[in-house]
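What follows is a short report on a single structure.
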Amino acid sequence: MVTWKAISTSWSRYRSGMINGLPIKQTTDNSSLIAHVKRVALEYMQLHSFAGHDQTHTLRVYELCRLIGEKEKADPLILEPAALLHDVGRSFEGVDHAEKSAELAKKLLRECSFPADRIPEVQYAIRMHRFSRGAEPNTLEAKILQDADRIDISGAIGVAMTFAYGGSKNTELYDKDDPLAKNRKLDDTKYVLDHFQTKLFRLPDTMHTRTAKQLIRKRSIYLKSFFNQFLEEIGAETKA
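According to our numbering, the sequence shown holds residues -5 to 234 in order.
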């Protein structure tokens, strides 16, 4: 369980003005400010990550947000920090990680001298990214972050992250008696394979932006191909 005391200890280096041995430069230039937030976010994620939702996931979502944001004309000063900080609360147990991430983002952005009037917009995008919240974002930046996060858990990487998370929870790979849940309720807290039907296959229909819809298409095809191969190897006949 991560505590505020642990956070305070791990950030003592930040408060002393150093990250990874490098001096922090305070600036109001947007590109330099975002670079500063990026360094802070990755330093934090090195210390606090969980089952596939680590700094590599953060970086992939960040790059997807930059790509989609440029094409969709989003505000990078809102979108990019939100992408970098969207999962900083993942390591906390028993809480809504999106809410915790938004809470921590406020603290970390203040330490980066981020414009105070923009922090609520960043927090909003972070709060709205979580799939299980089932919420419909009403800002472009929140829509793009939601799209990017969901694209990253599709395709081959999505498969890897799904089984990594399932392993961390000691979840069975599949129900040997009913792998496709024909005669039972889907339960991805018990069977990893169920997660494909409860969430992963539904992701393409949740995309908000045209760019995201294009990006997820190829990954979705691979996802179904993997699922069908998995079913074939365990001797299940019905395919997705």
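Note that CB positions come from ideal geometry on N, CA and C, so glycine has one too.
Here the structure is a predicted model, which is why all the values come from computation and not from measurement.
Continuous alpha helix (DSSP H) stretch holding Ser219: start and end: Residue mapping note: residue 219 aligns to position 225 of the sequence shown, counting from 1. Start and end: 204 to 227.
Contacting residues, own chain, Cβ-Cβ under 7 Å from Leu180 (five flanking each side not counted): As a working mapping, residue 180 is identified with position 186 in the sequence shown. For Leu180, the CB contacts under 7 Å within the same chain, skipping 5 residues up- and downstream, are Asp188, Gln191, Thr192 in chain order.
Element boundaries [alpha helix (DSSP H), containing His91]: Taking the sequence shown and counting its residues from 1, the one referred to as residue 91 is at position 97. For His91, the enclosing alpha helix (DSSP H) starts and ends at 91 to 105.
Under 7 Å between C-beta atoms of Gln49 and Leu36: What you label residue 49 is simply residue 55 of the sequence shown in a count that begins at 1. What you label residue 36 is simply residue 42 of the sequence shown in a count that begins at 1. Contact flag set, yes.
Candidates Glu93, Thr205, Arg213, of which the one nearest His123 by Cα: Here residue 123 refers to the residue found at position 129 of the sequence shown. Looking only at Glu93, Thr205, Arg213, the smallest Cα-Cα distance to His123 is reached by Glu93.
Cβ-based neighbour list, Ala68, same chain, cut-off 6 Å, excluding 5 preceding and 5 following: On the sequence shown, position 74 is the one that residue 68 refers to. Hits under 6 Å: Leu134, Glu135, Ile138.
First through last residue of the alpha helix (DSSP H) which encompasses Gly149: In the sequence shown, the residue the question calls residue 149 occupies position 155. DSSP places Gly149 inside the alpha helix (DSSP H), whose first and last residues are 149 to 162.
Three or more C-beta pairs below 8 Å linking the segment 217 to 227 and the segment 148 to 163: The segment 217 to 227 vs the segment 148 to 163: in contact.
Where Phe44 sits in the DSSP three-state scheme: The sequence position of residue 44 within the sequence shown is 50, counting from 1. Annotated three-state conformation of Phe44 is strand, per DSSP.
Same chain only: Cβ atoms within 7 Å of Cys59, ignoring 5 sequence neighbours per side: Within the sequence shown, residue 59 is the residue found at index 65, counting from 1. Closer than 7 Å at the Cβ level, and outside the excluded window around Cys59, lie Leu73, Glu74, Ala77, Ile138, Leu139, Ala142.
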